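Here the working numbering is used: the first residue of the sequence shown is 36, the next is one more, and so on.
Single-structure report; data block below.
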Amino acid sequence: MTSTLKLADLKLEDYRLENGLRVVLNADQSVPVVSIAVYYDVGSRNEKEGRTGFAHLFEHMMFQGSENVGKAEHFQFVMKAGGTMNGTTSTERTNYFETLPADQLPLGLWLESDRMRSLAVTQENLDNQREAVKEEKRLRYDNQPYGQIFDI
Numbered sequence: 036m037t038s039t040l041k042l043a044d045l046k047l048e049d050y051r052l053e054n055g056l057r058v059v060l061n062a063d064q065s066v067p068v069v070s071i072a073v074y075y076d077v078g079s080r081n082e083k084e085g086r087t088g089f090a091h092l093f094e095h096m097m098f099q100g101s102e103n104v105g106k107a108e109h110f111q112f113v114m115k116a117g118g119t120m121n122g123t124t125s126t127e128r129t130n131y132f133e134t135l136p137a138d139q140l141p142l143g144l145w146l147e148s149d150r151m152r153s154l155a156v157t158q159e160n161l162d163n164q165r166e167a168v169k170e171e172k173r174l175r176y177d178n179q180p181y182g183q184i185f186d187i
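Printed below as a string of structure tokens:
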């Protein structure tokens with residue numbers, strides 16, 4: 036038996052702002068939510084051998100506050116508004132995303148623009164998140180039954 040998956044017909048608008056920021060928009064009024072995804076064209080591929088983990092570290096740093104948002108408040112703003120959020124790092128990119136009630140689009144855009152413009156980079160935040168990233172590595176990779184076979 037063969038089954039066919041039909042993908043949604045996306046009507047994408049792709050444009051660039053005066054500041055160089057690329058915006059890809061897919062307007063969908065079928066549900067009362069908005070999703071915001073910010074992709075940075077940097078990932079682990081940009082790291083040098085022996086100096087890895089920086090992309091993931093900076094992913095963590097993006098949740099440590101900014102000029103107008105305190106440490107951990109980004110999560111609080113989104114959750115209070117009824118939304119969800121997270122970030123991921125891969126070889127090719129680092130991204131951050133929120134899904135919020137549609138009327139909270141201004142909040143989501145403000146949160147992303149604030150941390151993009153004025154991230155709170157302090158020694159305390161850096162030390163804190165360096166340890167968090169190391170612990171994630173220990174839990175997710177170093178403690179696996181197959182060991183380091185994929186590092187070959």
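Cβ coordinates follow ideal geometry from the N, Cα and C atoms, glycine included.
This one's a predicted model, so the numbers in the text were calculated from it and none came from an experiment.
Assumed close pair residue i, residue j - CB separation to whole angstroms, cut-off 8 Å
i	j	result
Y131	V73	5 Å
E159	I71	Their Cβ separation, rounded to whole angstroms, is 28 Å, which puts E159 and I71 out of contact at 8 Å.
E84	A90	That pair is no contact at about 14 Å.
Same chain, Cβ closer than 8 Å to residue i, neighbours up to 5 away in sequence not counted
i	result
V104	F112, L146, D149 and R150
Q139	V69, A116, G117 and G118
G143	V69, I71, V113, G118, E133 and L135
Nearest-angstrom Cα separation, counted from residue j out to residue i
i	j	result
A155	L161	10 Å
A167	K106	15 Å
T37	K172	40 Å
S125	S79	6 Å
S101	S153	5 Å
G88	D44	37 Å
K239	F110	Because the chain is modelled from 36 through 187, residue 239 falls outside the range shown and cannot be assessed.
L42	T157	44 Å
K46	F98	31 Å
T134	D63	13 Å
S194	M114	With the chain covering 36 to 187 only, the question about residue 194 has no answer from this structure.
Beta-carbon contacts of residue i that lie in its chain and below 6 Å, excluding the five residues immediately before and after
i	result
G117	P136
L60	E48
Y50	V58
G122	E94 and Y131
Any C-beta of chain B under 8 Å from that of residue i
i	result
E159	The chain inventory of the structure shown lacks chain B, comprising one protein chain alone.
Residue i - partner residues in DSSP beta bridges
i	result
F132	A72 and N121
R51	R57
K83	R86
Own chain, CB closer than 7 Å to residue i, minus 5 neighbours either side, in chain order
i	result
P67	P136 and A137
- [ ] Could you tell me whether the stretch 129-147 touches the stretch 83-101, where touching means 3 or more Cβ pairs closer than 8 Å?
- [x] Three or more beta-carbon pairs separated by less than 8 Å link the stretch 129-147 to the stretch 83-101, which places the two stretches in contact.
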